[in-house]
Structures are given as C-alpha cells and as structure tokens.
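FYI, in this note's numbering the residues of the sequence shown are 144 to 360.
Glycine included, each C-beta is placed from N, C-alpha and C at the ideal position.
Below: one structure, written as structure tokens.
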Amino acid sequence: MRSLKKKNEYWLPDFCLYMVLKEHFNNRVWNRWDIDIAFREKHSIEKYQNKLIDEIGYQEFLQYIFSKQWSELKNYANHKDTKIIGDLPIFVAHDSSDVWVHPELFDLDDEGNSRKVAGVPPDYFSKTGQLWGNPHFNWKRMQEDNFLWWRKRFEKLVEQVDITRIDHFRGFEAYWEVDASENTAVKGKWVKAPGYELFSAVKQYLGNLPIIVEDLG
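Pasting the structure below:
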C-alpha cells in the first residue's frame, strides 16, 4: 500500500478524497458541494481528510487491489504474447477528480461551471453535430508547466497497457468549441490546439510511445 501511494502521489490522494466526498455530498457535482471544499480551501481539505479517514483508506485499498489484479492480468497476457490496448479519451468529465483538483487547467467560470464545451460540428451523420459537454482545456495554463498533467496521464496509462489508442486525435490540432449554454453543437468554432508542442513534451518525458490514433474525428 505504501509503495502504491508513493508511486501515485500525483493523483491518488486527491482521487480517493474526491470519491469519498462525492458520496458524502449525495453524488452532487463538485462545484455544488460546500463552497470551502468545492474550491479546495486548505483548512477544509484537512478537515475532511481527518473526518473521513476510514472511507479514504477504503478507497486507497480498492485502488491497491485493482492495481495488483491488473498487473497480474497484464503480466499473464504478455506472457501469452498478447498485448493490451488502452483507450485515452482526449477530454475528461466536468464532474471528475481531475477538474476538481486542477480547475485552473480547464475553461471554467468563477463558480466552477464550464464556459466552453466539447463536441463536433454538423456533418453527414448529424445535422446538429455532437455536443459532448466536456469542459475544454486551458491550454495556455497547461503550457506553463510543460503539460505536466498530460505527461502524468500518459505515464500512468503506459504503465497499465502496452499500446495507447488516442480518441479524437484531431482535437490536438484543433477542437470544436461550443458555448456551454447551447443545446446543440451547431453554433461553434474551430480553435487551434498546441498538439505538436504537447506531444514533443510527452516524447521528451517518456520517449517514443506505441500509439494508435483515431482517424475519424
């Protein structure tokens, strides 16, 4: 357990706290929790870490068991000359530990709501496009620490799988941006993304990675 926590200190403590808080606040979206914990005031973080210590420990135990079982499964598959492909969606949900822990990395307003959301424009398959609703990234802020969040995300997935499939890869070149108040994806625009810079940073950090990219959108 200690080695798991040390190895995954970038995300594990916050993820476990988030899971416990979701239940504590009756599964409400994080920015509808009490304001002090919703926006991660230090005293509130410490308060709930102490108050919910047993529940947090249980979440850590679940991650330990999953990590152990997954490692055994992957080793067995590799021993049988079978490689595991893992999917990496480009976007994450608004109601997630990633957005709660790192709101500065996403396009949110002062109340923690998404300002612009993801989707794709109208095409042959849909007259109104697809409105996915995921918050867009604050790419400018991500560039400031050389895409640390992305580098850690790739690092964890590479540990778990043999080949990474990146969903909606074209979104790293340009993404469809829609105002969060819209009901369809019709009224949006393409916005350039720093994909080349991002993958250069990932390559420098992790080396050449075995990647499959989606070629449809």
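Check, Outcome
"Assuming contact is defined by CB atoms lying nearer than 8 Å, are residue 286 and residue 337 in contact in what I supplied?", "yes"
"What does the alpha-carbon distance come out to for the pair residue 236 and residue 256?", "12 Å"
"Would you kindly work out how many angstroms separate the C-alpha atoms of residue 246 and residue 297, rounded to a whole number?", "19 Å"
"Between the region 270 to 284 and the region 322 to 329, can you find at least three pairs of beta-carbon atoms closer than 8 Å?", "yes"
"Helix or strand or just coil, what does DSSP make of residue 208?", "helix"
"Below 8 Å on the Cβ atoms is my guess for residue 189 versus residue 159; work out the distance and round it to an integer in Å.", "With a Cβ gap of about 15 Å, residue 189 and residue 159 do not count as contacting."
"So, residue 423 versus residue 263, is the Cβ gap smaller than 8 Å?", "There is simply no residue 423 to check, as the chain begins at 144 and stops at 360 in what is shown."
"So residue 278 and residue 249 are supposed to be a Cβ contact under 8 Å. How far apart are they, rounded?", "4 Å"
"Suppose the cutoff is 8 Å on Cβ atoms and the five residues either side in sequence are ignored; what does the same chain contact list for residue 294 look like?", "344, 345, 348, 349"
"Considering only the alpha carbon of each residue, which of 341, 244, 265 lies closest to residue 289?", "341"
"Which residues does DSSP pair with residue 309 in a beta bridge?", "231, 356"
"Would you give the residue range spanned by the beta strand (DSSP E) that residue 317 belongs to?", "317 to 322"
"I believe residue 260 touches residue 276 by the beta-carbon criterion, under 8 Å. Please report the beta-carbon distance rounded to the nearest angstrom.", "5 Å"
"Taking just the CA atoms, how far does residue 176 sit from residue 162?", "13 Å"
"Under a Cβ-count criterion, where at least 16 other Cβ atoms within 10 Å of its own Cβ denotes burial, should residue 209 be classed as buried or exposed?", "exposed"
"For residue 261, which residues does DSSP report across the bridge?", "320"
"Count the other CB atoms, across all protein chains shown, that sit within 10 Å of the CB of residue 174; report buried if there are 16 or more and exposed otherwise.", "buried"
"Just mark residue 200 as buried or exposed, buried being the case when its beta carbon has 16 or more other beta carbons within 10 Å.", "exposed"
"What first and last residue would you give for the alpha helix (DSSP H) that runs through residue 193?", "185 to 194"
"Whole angstroms are fine: how far does the CA of residue 282 sit from the CA of residue 357?", "21 Å"
"What did DSSP end up calling residue 170 once you bin it into helix, strand or coil?", "coil"
"Quick one: residues in its chain with C-beta nearer than 8 Å to the C-beta of residue 187, no 5 flanking neighbours on either side, listed in chain order?", "177, 179, 180"
"What whole-angstrom Cβ distance do residue 305 and residue 226 have, given they're in contact under 8 Å?", "4 Å"
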